[in-house]
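Chains A and B supply the protein sequences, listed in that same order. When we follow our numbering, the leftmost residue of the first sequence carries the number 1193, and every step to the right adds one. When we follow our numbering, the leftmost residue of the second sequence carries the number 2, and every step to the right adds one. For glycine and all other residues, C-beta sits at the position ideal for the given N, C-alpha and C. Here's the structure, in structure tokens; my notes come after.
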Amino acid sequence: MSGTLFDKLWDSHCIETDGDGASLLYVDRVVMHERTGAVALDSLARRRRSVRRPEHAFCVADHVVDTLPGRSDDTRVPGGRDFIVALRQGAASFGLRMFDVDDEDQGICHLVSAEQGIALPGLSLVCPDSHTCTLGALGTLAFGIGTSELEHALATSTLRAIKPATLRVSISGQLLGHATAKDLALTLISTHGVGGAGGAAVEFQGAGIDAMTLEQRMTLCNMAAEFGAATAVIAPDEVVFRQAALAPLAPKDAPIAGWRALRSDASARFDHDIAIDSAQVVPQVTWGTSPEQCGGLGDPIPSPKDAAARQALDYMGLEPGLPLASKPIDAAFIGSCTNARISDIRAAARVLKGHRVAAGVTAICVPGSKRVKRQAEAEGLDQVFKAAGFEWREPGCSMCFFAGGETFGAGKRVVTSTNRNFESRQGPGVRSHLTSPAVVAASAIHGRIALPDTA
Amino acid sequence: MKPLEIHKGVAAPLLQANVDTDAIMPSREMRRVSRSGLADGLFANWRYLDPERRIPDPDFILNRPERTGASILLGGPNFGCGSSREFAVWALAEFGIRVILAPGFNPVFQKNCVANGLLPAQAPLPAIRSLAAWSDRDPQRNRLTANVRTLKIEGSGKRIPFVIARGQRLRLLQGLDDIAMTDQRTAAIEAFERQRFAEQPWVCAWINRRA
């Protein structure tokens, strides 16, 4: 049978498809966080339903947890503590493993899923978070879902879904210089638009993918959430198998032969096809309020084509014509499920070593997980960040979004390694510029949007 | 879930592209572990001049007197993009929105709508613009009618076809509860699972736990 990777993953989980084209998919793993998971567990309890496979469902406290050292359940997010406590109580009453605030393996749920082996090649996984597609980098059939679907998945071990079209993104070449997987993703999104995938399941493939580390692939798949994709997948290879075999929940005898078959056949047909050359990608930074509104650091900000672009420039306090490079900044943030893995921390530390953050710039680093934080500290990277004038925090989603806790202040210009530059995403009036961790670090040092000095 | 077959109501155009769920329901407005108490925070950053003090912005479409009671949103491309938070749909529903007509939706947002009895109807932007123009002339009088059975939305004497997946249409018409529907398929799920575990025992996490 000839098929795409997505077809194979879908078919191997499809219990049945009704006459209206709706399929019932078997869900191998469920992951939830306190923000959207607590409501589902509460509803389930009210319905007097149980979790059908509690050993396959996991809870993570990440979204509204405080990230200051010495933290407790207290959070500056209004009502935030209630979400954490409700998830903990739900996890306890249903018998689910919880990566709680003080757990030594706590972190952002998608990082925890990969580190722990909750997500593995060939498994299906759902999580009520749009960036669940990050896990497609492992060859996992991963879907971000709503709270009602989460409740359904917990009660029945299934997901009701209509099979999306498939979109192949062929990536040739290798990333050069300071260009990263984040820049590749932003280039793709600016070329085709934030709705570019049109609801299709994206498969990234090609020599450009083969050359990437697992963490780079995760960054790329993560950003598929900003591309209008149903999800993203990458055929798992030795890079993934090595990593997956080390995870605590990975099988003792990994079914490597089966995992190797998880790839699109050469003759497989995709509904849509696009291509991009990694070698042409240059470091990107967003100038607007949508991830598609981005360009190279030295490119002039384009003249607004429509009302939305005018509104974006107005919000961002920018004029068309000038490049973003050299624009003064107020803050620098490294964190999120997009770019807070160990390779991201290392990339930023390389830039920061021996330098100081410019006067007047608030600089914060929130490692994506406790594992990432421990590894970074073992390598002495925390000292590099602290010596440079960065705050070194506890893991969580943190200031990727503003939940009423911490923000940078209205009108403040923030260079950030996160995924969304929507109006007020990082706090009322905050002006967010998305970019890679190395550019965030370089900009923090220079006090203005800047490339790292050396390769 | 309440079934939805025909809905007639006041329309409100919000035609810009990529209206995201952070705009629909800012994270800080999600203050309780609950599906309710959210309508007040709907579009808080746009609806209020000062979101904390709840001072309304008279220019925002849903605050204008002629849009009072609006229940049909006319949206732009990629409506509901961003976060998968169902709070956005709960807030829309609680505010009174029953129908959203847009050229395209984020896939999770669209499913969240159906799960809560809201119709996410897809139609080309020019057709939506023409409905918006007709509504603008006298929003309270020029109400739109969406018909889930005929897959048409009516206004200005025109009947504009819209698209929704067949399975989703049926769910809206019947007001079906997903879990109740799936409960009827328990035997099929169990059979599938038995076979999956037999063929690929590693899928069971408890087998993988190391001592």
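Closest Cα partner of residue i within the set the options
i	options	result
K1565 (chain A)	A:R1241, A:S1535 and A:S1264	A:S1535
G1331 (chain A)	A:G1390, A:L1201 and A:H1302	A:L1201
V1223 (chain A)	A:V1606, A:A1427, A:C1486 and A:G1309	A:G1309
G1597 (chain A)	A:W1584, A:R1617, A:G1282 and A:A1500	A:R1617
R1239 (chain A)	A:R1263, A:H1323 and A:A1347	A:A1347
M1508 (chain A)	A:T1608, A:E1586 and A:H1625	A:H1625
D1429 (chain A)	A:G1398, A:P1440 and A:A1421	A:G1398
V1257 (chain A)	A:L1315, A:G1513, A:G1560 and A:N1613	A:G1560
R172 (chain B)	B:L75, B:P202, B:V149 and B:V34	B:V149
V1631 (chain A)	A:R1585, A:E1586, A:V1549 and A:E1615	A:V1549
A1421 (chain A)	A:V1277, A:K1497, A:V1394 and A:A1636	A:V1394
P1494 (chain A)	A:A1500, A:G1513, A:A1568 and A:Q1476	A:G1513
G1328 (chain A)	A:R1268, A:Q1567 and A:F1396	A:F1396
W203 (chain B)	A:D1274, A:H1248, A:R1409 and A:G1195	A:H1248
H1323 (chain A)	A:E1569, A:L1412, A:L1217 and A:F1594	A:L1412
K1355 (chain A)	A:E1615, A:F1614, A:G1639 and A:S1204	A:S1204
D1265 (chain A)	A:V1293, A:E1307 and A:D1254	A:V1293
E1296 (chain A)	A:G1287, A:E1307 and A:G1639	A:E1307
F1250 (chain A)	A:R1241, A:P1270, A:I1468 and A:V1219	A:V1219
R1538 (chain A)	A:A1523, A:S1518, A:D1274 and A:E1571	A:E1571
A1373 (chain A)	A:E1615, A:N1611, A:D1645 and A:R1623	A:N1611
G1280 (chain A)	A:T1326, A:S1242, A:V1269 and A:H1225	According to the sequence as given, residue 1280 (chain A) is Arg; it is not Gly. That would be A:H1225, whose Cα lies nearest to the Cα of R1280 (chain A).
E87 (chain B)	B:P140, B:D21 and B:L174	B:D21
E1583 (chain A)	A:T1554, A:F1593 and A:E1569	A:T1554
G83 (chain B)	A:A1471, A:H1547, A:V1473 and A:A1416	A:A1416
E200 (chain B)	A:A1439, A:G1450, A:R1360 and A:A1436	A:G1450
Residue i - partner residues in DSSP beta bridges
i	result
M1224 (chain A)	A:C1251
S1204 (chain A)	Answer is none; S1204 (chain A) lacks a bridge partner.
Q1397 (chain A)	A:S1362
W1584 (chain A)	A:C1557
A1214 (chain A)	A:I1354
L1333 (chain A)	A:S1316
D179 (chain B)	Paired residue(s): none; D179 (chain B) is not in a bridge.
R48 (chain B)	According to DSSP, R48 (chain B) bridges with nothing at all.
P162 (chain B)	B:K153
P14 (chain B)	B:L75
N143 (chain B)	The partner list for N143 (chain B) (beta bridge, DSSP) is empty, contrary to what the question assumes.
R1640 (chain A)	A:P1520
D21 (chain B)	B:C82
K1545 (chain A)	Note: K1545 (chain A) sits in no beta bridge, so no partner.
A1424 (chain A)	A:V1394
K9 (chain B)	B:T146
P1447 (chain A)	Paired residues: none, contrary to the question.
Cβ separation of residue i and residue j, assumed to be a contact under 8 Å, to the nearest whole Å
i	j	result
Y49 (chain B)	D58 (chain B)	6 Å
Q98 (chain B)	L75 (chain B)	One point to set straight first is that residue 98 (chain B) is Ile, not Gln, in the sequence displayed. Actually they do not touch by this definition, with Cβ atoms about 11 Å apart.
V1318 (chain A)	I1337 (chain A)	5 Å
A1237 (chain A)	S1285 (chain A)	7 Å
I129 (chain B)	L16 (chain B)	7 Å
P52 (chain B)	P1620 (chain A)	7 Å
G1527 (chain A)	C1557 (chain A)	7 Å
V11 (chain B)	R144 (chain B)	6 Å
G1282 (chain A)	D1234 (chain A)	7 Å
H1370 (chain A)	P1475 (chain A)	5 Å
R1455 (chain A)	A1427 (chain A)	4 Å
D179 (chain B)	S1340 (chain A)	7 Å
V1425 (chain A)	F1198 (chain A)	6 Å
A1471 (chain A)	Q1366 (chain A)	6 Å
Closer than 7 Å: residue i CB and nearest the ligand ZN heavy atom
i	result
H1547 (chain A)	Because no ligand of any kind appears in the structure shown, any question about the ligand ZN cannot be addressed here.
Please go through the stretch 62-124 of chain B and give each complete alpha helix (DSSP H) segment of 4 or more residues, from N-terminal end onward. 88-96 and 108-116
Determine, using beta-carbon pairs with one atom in the stretch 176-191 of chain B and one in the stretch 1205-1219 of chain A, whether at least three such pairs fall under 8 Å. For the pair of segments examined, the stretch 176-191 of chain B was found to touch the stretch 1205-1219 of chain A: the number of CB pairs separated by less than 8 Å reaches three.
Counting only runs of 3+ residues fully inside the stretch 1285-1318 of chain A, write out the beta strand (DSSP E) ranges in chain order. 1289-1291
Quick test of the definition: if touching needs 3 or more C-beta pairs under 8 Å, does the stretch 1475-1486 of chain A touch the stretch 1456-1465 of chain A? Contact between the stretch 1475-1486 of chain A and the stretch 1456-1465 of chain A is absent: fewer than three C-beta pairs spanning the two stretches fall below 8 Å.
Touch check for the stretch 109-129 of chain B and the stretch 157-174 of chain B: three-plus C-beta pairs under 8 Å? yes
Contact between the stretch 1405-1422 of chain A and the stretch 1311-1319 of chain A: three or more CB pairs below 8 Å? no
Assess, as a yes-or-no matter, whether the stretch 1250-1268 of chain A is touched by the stretch 1574-1593 of chain A under the definition of 3 or more beta carbon pairs within less than 8 Å. yes
The stretch 1571-1583 of chain A / the stretch 14-25 of chain B touching (three or more Cβ pairs under 8 Å): no
Looking at C-beta atoms only, is the number of pairs between the stretch 1628-1644 of chain A and the stretch 1600-1613 of chain A that lie closer than 8 Å three or more? yes
Can you list the alpha helix (DSSP H) stretches of 4 or more residues lying completely in the stretch 1465-1543 of chain A, in chain order? 1499-1508
Threshold first: 4 residues or longer. Then list the alpha helix (DSSP H) segments lying entirely within the stretch 1563-1607 of chain A, N to C. 1573-1580
Would the stretch 1633-1643 of chain A count as touching the stretch 102-113 of chain B if we require 3 or more Cβ pairs under 8 Å? no
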